[in-house]
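Engineer: What follows is a structure written as structure tokens; I'll ask about it next.
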Amino acid sequence: MSYLENTVKTVPSGFGKVLYLNWGLALLLTAVASVGFLMLYSVAGGSFSPWAEPQMKRYILGFAVMLVVAMVPIWFWRHMSIVAYIVSILLLVAVDLVGVTSKGAQRWIDLGFMRLQPSELMKITLIMLLAAYYDWLPLKRVSRPIWIIIPIIIILLPVALVLRQPDLGTSILLLAGGGLVMFVAGVHWGYFAAVFAAVVGLVKAVFSSRGTDWQLLKDYQYKRIDTFLDPSTDPLGTGYHITQSKIALGSGGWTGKGFMQGTQSRLNFLPEKHTDFIFTTLAEEFGFIGGFSLLGLYVLVIVFCFATAMTNKDRFSSLLTMGVAITFFLFFVVNMAMVMGLAPVVGVPLPMVSYGGSAMLILMIGFGLVQSAHVHKPR
Amino acid sequence: MKRPPKDNEASQKIMTRRGLILGGAQLGLVGVLAGRMRYMQVDQADEFRLLADENRINLRLIPPSRGRIYDRNGVIIAENAPSYRINMIREEADDVEEVIDRLARIIELDPDELERALKDLKKLRGDTPVTVADRVSWDDVSRVAVNTPALPGIVPEVGLSRHYPTGYDYAHVIGYVGPVNDRDLETIDAPDALLLIPRFQIGKIGLEKRREDTLRGKAGNKRVEVNAAGRVMRELERVEGQAGADIQVTINDQLQAYVNSRLEGQSAAAVVMDCENGDLLACVSAPSYDPNLFVRGISSTNYNALLENKYRPLPNKVVQGVYPPGSTFKMVTALAALESGNANLGETVYCPGHLQVSGRRFHCWKRGGHGSVDLLRSLRESCDVYYYEMARRTGIEKISEMARLLGLGTVHDLPMTSVAKGLAPTKDWKQINRDEAWQVGDSVNASIGQGFVLASPLQLAVMSARLATGRSVEPRLIKSIDGVEQPPLPGEDLGLNPRYLHAVREAMFEVSNSRRGTAYRSRIIEETLRMAGKTGTSQVRNISAAERAAGVRRNSDLPWERRDHALFVNFAPYDNPKVAVAVVVEHGGGGSKAAAPIARDITLQALYDGDPPLEAYPAKDRENIEAQQEEYQKKRPNRSKPRQDRA
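In the order they appear, the protein sequences are chains L and H.
In this text, residue positions in the first sequence follow the working numbering: the first is 7, and each later residue adds one.
In this text, residue positions in the second sequence follow the working numbering: the first is 247, and each later residue adds one.
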């Protein structure tokens, strides 16, 4: 009996697939998104406009997209991964040429009806291609140097393009996400140890290059590092954001100031309160209990993904699911670390909660793939 | 692609292991985040809460309302009127120039003020309100308020500003307030936080300055919640301050207005004092100016006009102006001679028109001389030689001592700015200040109020009051503070011989009631109110021997600034003195012609507390006075009755 015959027999088909969806995960995502609606309603001063309402519409759209993606057999996506990757790379190149400049970085392509952020798309397509690569590669070759070089190129190409925009946050996320997929795929420990040593060296290089001709980062990025290390050096400029964010978070206490009672956000002391810093509003208004609950929801999303990944016999499905979960994890960890003053302000939104269309849509596509893997699991 | 089942199994094993490791690491990171969150929100919560409150809560001062000033009958002299201004906050205006453009279409904007405002808008922080239009009418404010949706960043503001409803009448007595400036702050050691409020008004001159502490009051404060742009969202708590104390002055508004009008067109000073308790009933320096011009800062054009006016409107001539008192000083010389035993009451001196003292010839104003004169005649006809002789005998020390006893050459502590001391000279004074020995001739000059002697109109009025009562009456300006009556200053007995005092008073009575008196033309007919006075004409130039030989030129032929000062002092009624008056008309010519009629008119107004009946005046003057009264009624119709504005 061939593998194909086996899968055809045991995989649900038609509308029956809907029953096989991972409804727990879908419910969790909706819960997380609802926290977002609630907070967007609050930071707008108790109003659905301008943020909560569009965000809800986008979530409904995203949910539909997720279902559509989930209905398509996972092997179709496996075949498509190389195409998706190449399209993403081309879009990244295009954004360099015709992109819209915002906040000193070129990130968007204005499509008229929405602003496409190719670097967001890249996060998913990179994972897809890596998963497909390791699915194709026989296990015994995984740790061979020649077969290591290929995924490294696959990762570094978009990282370099995103870094050019420049968007430090997304490039770090791409690098870490790709690296971790390689780790899960079983690449030998030694490589990671070597990379770790290299990163330490690079950090040293970045700092020692400062102020010289071969300066590696932009001035504003150095400034962000400075303010991260000591926010008080620039209390009215860049440091203002993180200081105000910490004040908002800390002043929430155990139970918070109450829904729509957060003084820091309501009185505009918080910067970017509807996007990158939305977690602070939650922590201010609902306190430690509220913040910890959201963290718990996030952890549950990861647990659900890992659980389905580990029980999936299909290597591509398994790797892809873990890859999406890792990307999701990196999103919220970096964002939370950022608003708590544990990481530099790099401009990473809180996944599913921060206001923003393309990030949410991309994530929902990612979870669509996870669902597809779940539905089309070999049983 | 088909995979050998063994490979698949191995792959799953590896992935599970690696996945668990990764999951563990992830949990660890989440633990760090949760720990950090707990640390910040639980352990450090109080600190952050404090910081959040510091962010949002601002302590703002509430300026107290300044104490008002009333006249003795409750007429308002200084009040606080609402004043409107239009402020702009750059941060809230998207396009400053566009908004200003729209504003200019709604109300009229002063180009100078606008230019300064635009400069400030560029320079200052984005959340600082900048005044683009000050002293805006209520109509304009409401027009702006209606249009606020189209004018982002425009905030109309209402505050209290000092207003002097009868400005000109009180400019010198009450003074004025003005916006606090750096120079003011330098002179104060520990400035009240209120003074740091931009444009806060403090007393700059006069009573407003001298009683600043009484009038200012204490600041209250309020805790307000502000947003990040500094805009007040709501008030959390309010501690009311204390309004400044109201001051009631001794001035009679009706009389003050009359005196102002009577002195119009002259450079003059007049003061009316209550003989019994020293209350200043009127205190006028002419010409005056509008203190309201100074309240928000006077323009340089207006200020220069005041500075360049040759009649000098700015100083308060009543207390700041010092003049040689001329013949009004003769009572001092006479009393000094009598009290020191250098003269007797019945004694006569022969006046040939001059007196030779140590080789110099001192002339009497009457060329041919008065012949034999006693005290009564010498005062009545203002013979100079009599006093030359008295000074020669008595010496300057006794004369100056008497002057000081009568209130000349000493400072009367009134809450006004630059109260002058005048000068009652002594031998030591000349030695120190002029580095010359005192000459007998100096005493002779001083005896008729010339030479070194200087007195302010206020001091002359005090002298008159003291002669009238025999007590050391002190002038007083403040009647009550916040309804609490201040003690009057009737003064102790001067210790002068009543016989001598009586003789001097009698002589002063003759001055304005005897046909031969120098002020006879300005007498009062009403018998119960008749006054006693003394004319004075003080030279501002030296008359050379050559000029005297050619005939002294008449005052009217001289340029204004070289004419004599005209003075008159008096008290009335003679039998029961109630008011003492001093009038100085700068370069007015003779005292009997220029000053005495004014003093008489003022005295009558004061005694009748309003327009006196024409019967009180000499028949010759009545027509004139009637016309004068009519004109005055026309000019100030609303001032005929005192307004009872006080609650």
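By construction, the Cβ of each residue, glycine as well, lies at the ideal position given by its N, Cα and C atoms.
#1: Using a 10 Å radius around the Cβ and a threshold of 16 neighbouring Cβ atoms, would you call E11(L) buried or exposed?
#2: Establish whether the CB of V354(L) and some CB of chain H are separated by less than 8 Å.
#3: Please list, in chain order, all residues of the same chain as A491(H) whose beta carbon is under 8 Å from its beta carbon, the five residues on each side excluded.
#4: Counting only beta-carbon separations shorter than 8 Å, does N254(H) have a partner in chain L?
#5: With DSSP collapsed to three states, give me the class of W114(L).
#6: Between which two residues does the alpha helix (DSSP H) carrying C311(L) extend?
#7: Starting from the beta carbon of M358(L), find every residue of chain H whose beta carbon is closer than 9 Å, and list them in chain order.
#8: Check H748(H) in the structure and name its three-state DSSP category.
#9: Per the contact definition of three or more C-beta pairs closer than 8 Å, is the stretch 555 to 571 of chain H in contact with the stretch 823 to 834 of chain H?
#10: Kindly indicate which three-state DSSP category I789(H) falls into: helix, strand or coil?
#11: With 8 Å set as the bound, which would you pick, yes or no: does the beta-carbon of V14(L) sit closer than that to a beta-carbon of chain H?
#12: Using a beta-carbon distance cut-off of less than 7 Å, what residues from the stretch 328 to 343 of chain L approach chain H?
#13: Work out the CA separation of H380(L) and V330(L) for me, nearest whole Å.
#14: Please decide whether E403(H) counts as near chain L, where near means a Cβ-Cβ distance under 8 Å.
#15: Please report how far the alpha carbon of H418(H) lies from the alpha carbon of G245(L), in whole angstroms.
#16: Would you say M247(H) faces chain L, with C-beta separation under 8 Å as the test?
#17: Taking V101(L) as the reference, give the member of P164(L), I371(L), M358(L) with the closest Cα.
#18: Within the stretch 467 to 492 of chain H, note down every full beta strand (DSSP E) run reaching 3 residues or more, in order along the chain.
#19: 8 Å is my cut-off, CB to CB: does G269(H) come that close to chain L?
#20: For R787(H) and N801(H), what's the separation of their Cα atoms in angstroms?
#21: Taking 6 Å as the limit between beta carbons, can you name the residues of its chain near E126(L), skipping five residues before and five after?
#22: What residue range is occupied by the uninterrupted beta strand (DSSP E) comprising F608(H)?
#23: Which same chain residues, not among the five before or five after A439(H), have their C-beta less than 8 Å away from its C-beta?
#24: Name the two residues that bound the continuous alpha helix (DSSP H) containing T327(L).
#25: Does DSSP put P355(L) in a helix, a strand or coil?
#26: Could you pull the DSSP bridge partners for N333(H) from this structure?
#27: Would you give the residue range spanned by the alpha helix (DSSP H) that P164(L) belongs to?
#28: With DSSP run on the structure shown, which of helix, strand or coil describes V564(H)?
#29: Considering only their Cβ atoms, is the gap separating L122(L) from W114(L) smaller than 8 Å?
#30: Assign K563(H) to one of two classes, buried (16 or more other C-beta atoms within 10 Å of its C-beta) or exposed (fewer than that).
#31: At what residues does the alpha helix (DSSP H) containing G30(L) begin and finish?
#32: Using a Cβ cut-off of 7 Å, which residues of the stretch 267 to 297 of chain L contact any Cβ in chain H, in chain order?
#33: What is the rounded straight-line gap between the Cα of E731(H) and the Cα of G599(H)?
#34: Using the C-alpha atoms, what's the distance from P721(H) back to A324(H)?
#35: So, V423(H) versus E454(H), is the Cβ gap smaller than 8 Å?
#36: Measure from the C-beta of A203(L) to each C-beta in chain H and report whether the shortest distance is under 8 Å.
Structural biologist: The short version:
#1: Position 5 of the first sequence, counted from the first residue, corresponds to residue 11(L). Note that E11(L) scores a pLDDT of 45, beneath 50, so its modelled location is shaky; the value from the coordinates is reported in the next line. By the Cβ neighbour-count rule, E11(L) is exposed, with fewer than 16 other Cβ atoms within 10 Å of its own.
#2: By 1-based counting over the first sequence, the position of residue 354(L) is 348. Cβ-Cβ to chain H under 8 Å: no for V354(L).
#3: Here residue 491(H) corresponds to residue number 245 of the second sequence, with the count starting at 1. Excluding positions up to five away in sequence, the list reads G313, T460, L461, G463, I727, D728.
#4: Translated into positions along the second sequence, residue 254(H) becomes position 8. Cβ-Cβ to chain L under 8 Å: yes for N254(H).
#5: Along the first sequence, one-based indexing puts residue 114(L) at 108. In the structure shown, W114(L) sits in a strand (DSSP, three-state: E or B).
#6: Counting from one through the first sequence, the residue named residue 311(L) turns up at place 305. For C311(L), the enclosing alpha helix (DSSP H) covers residues 284 to 316.
#7: Counting from 1 along the first sequence, the entry for residue 358(L) is found at position 352. Near M358(L) there are no residues of chain H at all, since even the closest Cβ is about 16 Å away, more than 9 Å.
#8: Position 502 of the second sequence, counted from the start, is the residue given in the question as residue 748(H). In the structure shown, H748(H) sits in a helix (DSSP, three-state: H, G or I).
#9: Pairwise C-beta distances place the stretch 823 to 834 of chain H in contact with the stretch 555 to 571 of chain H, as three or more of them are shorter than 8 Å.
#10: As a working mapping, residue 789(H) is identified with position 543 in the second sequence. I789(H) falls in the coil class under three-state DSSP.
#11: As a position in the first sequence, residue 14(L) is number 8, starting the count at 1. The predicted position of V14(L) is uncertain, since its pLDDT is 49 and thus under 50; a value taken from the coordinates is nonetheless stated next. No, no contact with chain H.
#12: Listed by position along the chain: M328, F335, V339, M342, A343.
#13: Taking the first sequence and counting its residues from 1, the one referred to as residue 330(L) is at position 324. Taking the first sequence and counting its residues from 1, the one referred to as residue 380(L) is at position 374. The C-alpha of H380(L) is placed about 13 Å away from the C-alpha of V330(L).
#14: Taking the second sequence and counting its residues from 1, the one referred to as residue 403(H) is at position 157. Closer than 8 Å: no.
#15: Taking the first residue of the second sequence as 1, we reach residue 418(H) at position 172. Taking the first residue of the first sequence as 1, we reach residue 245(L) at position 239. Rounded to the nearest angstrom, the two C-alpha atoms are 57 Å apart.
#16: Position 1 of the second sequence, counting from 1, holds the residue named residue 247(H). Confidence at M247(H) is low in this model, with a pLDDT of 48, below 50, so the placement of that residue should be treated as unreliable; the coordinate-derived value is given next. The beta carbon of M247(H) sits closer than 8 Å to some beta carbon of chain L.
#17: Sequence index remark: in the first sequence, residue 101(L) carries index 95 (1-based). The alpha carbon of V101(L) has as its nearest neighbour, out of P164(L), I371(L), M358(L), the alpha carbon of P164(L).
#18: If we require 3 residues or more, the beta strand (DSSP E) runs fully inside the stretch 467 to 492 of chain H come out as 478 to 485.
#19: Position 23 of the second sequence, counted from the first residue, corresponds to residue 269(H). Yes, G269(H) counts as interfacial toward chain L.
#20: The sequence position of residue 787(H) within the second sequence is 541, counting from 1. The sequence position of residue 801(H) within the second sequence is 555, counting from 1. Straight-line Cα distance between these residues: approximately 11 Å.
#21: Here residue 126(L) refers to the residue found at position 120 when the first sequence is read from its first residue. Taking E126(L) as the centre and dropping the five residues before and after it, the same chain places the C-beta of S364, A365, I368 closer than 6 Å to its C-beta, in chain order.
#22: By one-based count along the second sequence, residue 608(H) stands at place 362. Note, F608(H): beta strand (DSSP E), 606 to 609.
#23: The sequence position of residue 439(H) within the second sequence is 193, counting from 1. The residues are L307, A465.
#24: Here residue 327(L) refers to the residue found at position 321 of the first sequence. Here the alpha helix (DSSP H) through T327(L) covers 321 to 345.
#25: Taking the first residue of the first sequence as position 1, residue 355(L) is located at position 349. Collapsing the DSSP output to three states places P355(L) in coil.
#26: The count along the second sequence starts at 1 and reaches residue 333(H) at position 87. Note: N333(H) sits in a beta bridge opposite T377(H), V401(H).
#27: Working through the first sequence from its first residue, we reach residue 164(L) at position 158. From DSSP, the alpha helix (DSSP H) with P164(L) extends over 151 to 169.
#28: As a working note, residue 564(H) is residue 318 in the second sequence. Coil.
#29: To locate residue 114(L), count along the first sequence from 1; it is residue 108. To locate residue 122(L), count along the first sequence from 1; it is residue 116. Yes.
#30: Counting from one through the second sequence, the residue named residue 563(H) turns up at place 317. Answer is buried; the Cβ neighbour count reaches 16.
#31: As a first step, residue 30(L) must be located in the first sequence, where it is residue number 24. Counting along the chain, the alpha helix (DSSP H) containing G30(L) begins and ends at 29 to 49.
#32: For the stretch 267 to 297 of chain L, the set of residues with a beta-carbon nearer than 7 Å to any beta-carbon of chain H comprises T269, Q270, L273, N274, F275, A289, G293, F294, G297, in chain order.
#33: As a first step, residue 731(H) is located in the second sequence; it is residue number 485 there, counting from the start. As a first step, residue 599(H) is located in the second sequence; it is residue number 353 there, counting from the start. Cα to Cα, E731(H) sits roughly 53 Å from G599(H).
#34: In the second sequence, counting from the first residue as 1, residue 324(H) sits at position 78. In the second sequence, counting from the first residue as 1, residue 721(H) sits at position 475. Each residue's Cα considered, the two are about 22 Å apart.
#35: Here residue 423(H) is taken as the residue at index 177 of the second sequence, counted from 1. Here residue 454(H) is taken as the residue at index 208 of the second sequence, counted from 1. Annotated as proximal: V423(H) and E454(H), with beta-carbon spacing under 8 Å.
#36: Here the question's residue 203(L) lines up with position 197 in the first sequence. No, no contact with chain H.
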